[in-house]
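Counting from 1, position 12 in the sequence shown corresponds to residue 212 in my numbering; the numbering is continuous, with no gaps.
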Amino acid sequence: MTTNKIKDRKQKTKVKQQNIIDALKDHGAKVYGDLDNGQFPKFSIPSRSVSNIVYDKKLRQYILGNSAAVRSSRNSSQL
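See the structure below:
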């Protein structure tokens with residue numbers, strides 16, 4: 201593998217890691233904000249229902265669509 205390919209791969213990895221860190225910080229800030237406002241923390245996750253499955257021709261596999269479900273810590277069965 202050439203040096204440029206290795207550098208590109210390392211750079212892409214760093215960008216992905218930073219995106220993950222930013223997403224976790226954002227989620228933490230939302231949870232903190234909910235708690236600070238006296239509300240139960242809630243978050244949105246992709247719906248894993250059959251109606252939200254879409255076939256991606258490019259990837260040649262099924263992926264989750266855009267529908268999301270909101271979960272709250274008020275109901276412990278949703279955690």
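All C-beta atoms in this analysis are idealised placements derived from N, C-alpha and C, irrespective of residue type, glycine included. None of the values given here were measured: they were computed from a predicted structure.
*Taking only the alpha-carbon atoms, compute the straight-line gap between Gly238 and Val231 and give it to the nearest angstrom.*
Across the structure, Gly238 and Val231 are spaced so that their CA atoms are roughly 11 Å apart.
_Beta-carbon within less than 6 Å of Lys242's beta-carbon, same chain only, minus the 5 sequence neighbours each way: which residues are those?_
Taken in chain order, the residues that qualify are Val270 and Ser272.
_In this structure, how does DSSP classify Ser247 when only helix, strand and coil are distinguished?_
Judged by DSSP in its simplified three-state form, Ser247 adopts coil rather than helix or strand.
*Report yes if the CB atom of Asn252 is closer than 8 Å to the CB atom of Leu264, and no otherwise.*
Yes.
*Helix, strand or coil at Arg209 [DSSP, three-state]*: Residue state, collapsed to three classes: helix.
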